[in-house]
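A.B. asks: Mind having a look at this structure? Questions to follow.
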Amino acid sequence: MQSVHIKITARNSIRRFAITHTNLSALRQTVANLFGLALENSESLWTIKYKDEENELITVTRDDELEFAIKLMGNLLHLVVVEHGPAVAAALCHAREWQKRRHQRDERDGTELKGDHVCRNRLVCLQRKQRKFTERLAFLQQNDNPRAQAQALKIKQKLAVITSEIESINSAESVTPAENAEALKSPDADPVAANQLTVVTPLGSNAAPVPAPLDAKAVKLVYDKFFAMRRDFVSEKKKVTSLVEVLRALRALSKHGEKASCPVKVDNEQLAVAQSSLTVARENLVAKKLEVKQQGDLVRTLKKQGLKPPKEGNREKKAWQEEKWKAKLEEKESKQEAKKKWQEEKAKLREEKIKRQEEKAKEREEKLKKQAEKAKEREEKLKRQAEKAKEREEKLKHQAEKARLREEIAAKQEQVDLQHAVVDSQAN
């Protein structure tokens, strides 16, 4: 393999180095040594993503995804390290632990559902990319711009890589009914492998193929796999529901995290990681639904031919239905308990709000009382000032009257003096 140049960004730092392998574990160890990241349980703490041609961040979790990214982007691969917060790390750790237990169960049972599941998911993703690139190529071919022609040439090369991988997956999945029948009739054939051959069909087919005449053992294997696929579909649905709840909680934390009083802060990168994990889980759920539908078509065809499941299959179906009803009852009880807790918390919050409103009303009443007392004091003060003003006016009037009487007495005294003077002059 030729050396591929890696340009990686993490913790506001950019590094560049070259690799000659597609081993994701070795790449993670190199990145951890460069940036000082944790290696223990690292998949839950930080994720490696690469930038595609549309500048979108694509998560890399397996060696085949790294190999596909190198084929898609060429000799220069732009990588970004996204570190998770505690909430997202816990959710991813829970999801990976769930997948690990499921893979261990599949390996213990000897089934090969894992490979089939991964191939179908990859095929759905590749078909989506193929449609997107085809539409983009048709748009660019209408322009005579040399830059558009160069982009069209790059897209053609990427389409060739994607088309070859789709053909390889389809060729690996396509199995004829005759081969299924021979595998089932073979005495040395593994019944689990025979069951796998019976139910695998290429994507896009309307109905699942029915092999040549089957015996009771092969019919039982078909029904057993149908019930197992339905159980896996239900567990995948629960996983999607839990991821949706985690995403809602993170969005609520990011919404309230803008306030200074909120102790937990959630950034946009953590939301993007949670959204991408939810998208992957939904794609897996759609692929499982398609598998269950195809296997259900095969089961219905067998029922029409009168090939009903044996009693053990019916018992397993009843046991699965009982487990399903128990799970539904437990889910319903948990929802009711959560609803009761939420209602109790809501009632407590309402009571606290009413108490705060009552305290505020009391404070307003006390404030109004103080304002009324102050108004009364002002009125009394004004009354006292008015009385003092009246007293001053009466005093001034009394003084004016005294002055007038004094003037009158003085005038009369002057007249009397004049009269005495006249009398004295006449007497002389």
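Numbering (this note's numbering), first residue to last: 1 to 428.
Built from N, CA and C at the ideal position, the CB exists for glycine as well.
Over what stretch of residues does the beta strand (DSSP E) that includes L37 continue unbroken?
C.D. replies: By one-based count along the sequence shown, residue 37 stands at place 37. Looking at the DSSP string, L37 is not in any beta strand (DSSP E), and its letter there is neither H nor E.
A.B. asks: Does the Cβ-Cβ distance between L137 and L159 come in under 8 Å?
C.D. replies: Here residue 137 corresponds to residue number 137 of the sequence shown, with the count starting at 1. Here residue 159 corresponds to residue number 159 of the sequence shown, with the count starting at 1. In contact: L137 and L159 (Cβ atoms closer than 8 Å).
A.B. asks: Taking Cβ to Cβ, would you say L445 is nearer than 8 Å to L250?
C.D. replies: In the structure displayed, the chain extends from 1 to 428; residue 445 sits before or after that span and is not available.
A.B. asks: Find the nearest neighbour of I169 within the set L72, E333, V273 and N121, judged by alpha-carbon distance.
C.D. replies: Residue mapping note: residue 169 aligns to position 169 of the sequence shown, counting from 1. Considering only alpha carbons, the answer is N121.
A.B. asks: Distance, Cα to Cα, S235 vs L57?
C.D. replies: Walking along the sequence shown from the start, residue 235 turns up at place 235. Walking along the sequence shown from the start, residue 57 turns up at place 57. Between S235 and L57, the C-alpha separation is close to 28 Å.
A.B. asks: Taking only the alpha-carbon atoms, compute the straight-line gap between T241 and F68 and give it to the nearest angstrom.
C.D. replies: One-based indexing of the sequence shown puts residue 241 at position 241. One-based indexing of the sequence shown puts residue 68 at position 68. In a straight line, the C-alpha of T241 is about 30 Å away from that of F68.
A.B. asks: I need the DSSP call for H5, collapsed to helix, strand or coil.
C.D. replies: As a first step, residue 5 must be located in the sequence shown, where it is residue number 5. Strand, per DSSP.
A.B. asks: Could you spell out where the alpha helix (DSSP H) holding E283 opens and where it closes?
C.D. replies: Position 283 of the sequence shown, counted from the start, is the residue given in the question as residue 283. Per DSSP, E283 belongs to the alpha helix (DSSP H) from N268 to K304.
A.B. asks: Is A181 helix, strand or coil by DSSP?
C.D. replies: As a position in the sequence shown, residue 181 is number 181, starting the count at 1. In this predicted model, A181 has a pLDDT of only 43, less than 50, meaning its place in the structure is not dependable enough to derive any value.
A.B. asks: Can you tell me where the beta strand (DSSP E) holding L307 begins and where it ends?
C.D. replies: Here residue 307 refers to the residue found at position 307 of the sequence shown. First-last for L307: undefined, no H or E at that position.
A.B. asks: Taking Cβ to Cβ, would you say L140 is nearer than 8 Å to I155?
C.D. replies: Within the sequence shown, the letter at position 140 stands for residue 140. Within the sequence shown, the letter at position 155 stands for residue 155. Yes; because the gap between Cβ atoms is below 8 Å, this pair is in contact.
A.B. asks: DSSP puts Y50 in a beta bridge; with which residues?
C.D. replies: Numbered from its first residue, the sequence shown carries residue 50 at position 50. Answer is I58 and L79, bridged to Y50.
A.B. asks: Using DSSP with H/G/I as helix, E/B as strand and the rest coil, what is R16?
C.D. replies: For the purposes of this step, residue 16 is identified with residue 16 of the sequence shown, where counting begins at 1. Three-state DSSP puts R16 in a strand.
A.B. asks: Return the CA-CA distance between D63 and R28, expressed in angstroms with no decimal places.
C.D. replies: Locating residue 63 in the sequence shown gives position 63, where the first residue counts as 1. Locating residue 28 in the sequence shown gives position 28, where the first residue counts as 1. Between D63 and R28, the C-alpha separation is close to 11 Å.
A.B. asks: If F227 and W325 are in contact, beta carbons under 8 Å, what's the gap, nearest whole angstrom?
C.D. replies: As a first step, residue 227 must be located in the sequence shown, where it is residue number 227. As a first step, residue 325 must be located in the sequence shown, where it is residue number 325. Wrong, their Cβ atoms sit about 15 Å apart, outside the cutoff.
A.B. asks: Could you tell me which of K362, K346 and M229 sits nearest to R296, measuring between CA atoms?
C.D. replies: For the purposes of this step, residue 296 is taken as the residue at position 296 of the sequence shown. The residue asked about is misnamed: residue 296 is Gly in this sequence, not Arg. The candidate whose alpha carbon is nearest that of G296 is M229.
A.B. asks: Is the beta carbon of H78 sitting closer than 8 Å to the one on K7?
C.D. replies: For this step, residue 78 is matched to residue 78 along the sequence shown. For this step, residue 7 is matched to residue 7 along the sequence shown. Yes. Within cutoff.
A.B. asks: Skipping 5 residues on each side, what residues in its chain have a beta carbon closer than 6 Å to that of R15?
C.D. replies: Here the question's residue 15 lines up with position 15 in the sequence shown. The residues are I8 and L34.
A.B. asks: Start and end of the alpha helix (DSSP H) containing D144?
C.D. replies: Position 144 of the sequence shown holds residue 144. Run containing D144: none; DSSP gives neither H nor E here.
A.B. asks: When you compare only the Cα positions, how much space is there between K71 and S164?
C.D. replies: Locating residue 71 in the sequence shown gives position 71, counting from the first residue. Locating residue 164 in the sequence shown gives position 164, counting from the first residue. Those two C-alpha atoms are separated by around 12 Å.
A.B. asks: Alpha carbon to alpha carbon, how far is A281 from Q151?
C.D. replies: Translated into the one-based positions of the sequence shown, residue 281 becomes position 281. Translated into the one-based positions of the sequence shown, residue 151 becomes position 151. Spanning the two alpha carbons is a distance of roughly 32 Å.
A.B. asks: What are the uninterrupted segments assigned as beta strand (DSSP E) that are 3 or more residues long and contained completely in the stretch 338 to 414, given in chain order?
C.D. replies: The stretch 338 to 414 contains no whole beta strand (DSSP E) run of 3 or more residues.
A.B. asks: Between E387 and K362, what straight-line distance do the alpha-carbon atoms span, to the nearest angstrom?
C.D. replies: Here residue 387 refers to the residue found at position 387 of the sequence shown. Here residue 362 refers to the residue found at position 362 of the sequence shown. C-alpha separation (whole angstroms): 38 Å.
A.B. asks: For T134, count the other beta carbons within 10 Å of its own beta carbon; 16 or more makes it buried, fewer makes it exposed. Which is it?
C.D. replies: Position 134 of the sequence shown, counted from the start, is the residue given in the question as residue 134. Classification of T134: exposed, given that the 10 Å Cβ count is below 16.
A.B. asks: Identify which residue in L37, G74 and R11 has its Cα closest to the Cα of A18.
C.D. replies: The residue given as residue 18 occupies position 18 in the sequence shown. Nearest of L37, G74 and R11 to A18, Cα basis: G74.
A.B. asks: Considering only the alpha carbon of each residue, which of H398, K238 and T22 lies closest to S3?
C.D. replies: The residue labelled residue 3 in the question sits at position 3 within the sequence shown. Measuring from the Cα of S3, the nearest candidate turns out to be T22.
A.B. asks: Contact defined as beta carbons within less than 8 Å: I believe T47 pairs with V273. What is the distance between those atoms, to the nearest angstrom?
C.D. replies: As a position in the sequence shown, residue 47 is number 47, starting the count at 1. As a position in the sequence shown, residue 273 is number 273, starting the count at 1. Correct: roughly 6 Å between the Cβ atoms.
A.B. asks: Apart from the five residues just before and just after A10, which ones in its own chain have a Cβ nearer than 6 Å to its Cβ?
C.D. replies: To locate residue 10, count along the sequence shown from 1; it is residue 10. Cβ within range, chain order: F35 and V81.
A.B. asks: Select from K129, K348, F233 and E269 the residue whose C-alpha is nearest the C-alpha of K293.
C.D. replies: By 1-based counting over the sequence shown, the position of residue 293 is 293. The residue with the shortest Cα to Cα distance from K293 is F233.
A.B. asks: When burial is assigned at 16 or more other CB atoms within 10 Å of the CB, is Q270 buried or exposed?
C.D. replies: For the purposes of this step, residue 270 is identified with residue 270 of the sequence shown, where counting begins at 1. Classification of Q270: buried, given that the 10 Å Cβ count is 16 or more.
A.B. asks: Which value, in whole angstroms, describes the spacing of the CA atoms of L290 and L123?
C.D. replies: Within the sequence shown, residue 290 is the residue found at index 290, counting from 1. Within the sequence shown, residue 123 is the residue found at index 123, counting from 1. When rounded, the distance between both Cα atoms is 13 Å.
A.B. asks: If you count every other CB in all the chains shown that lies within 10 Å of the CB of L221, and 16 or more means buried, which is it?
C.D. replies: Within the sequence shown, numbered from 1, the residue matching residue 221 stands at position 221. Label assigned to L221: buried.
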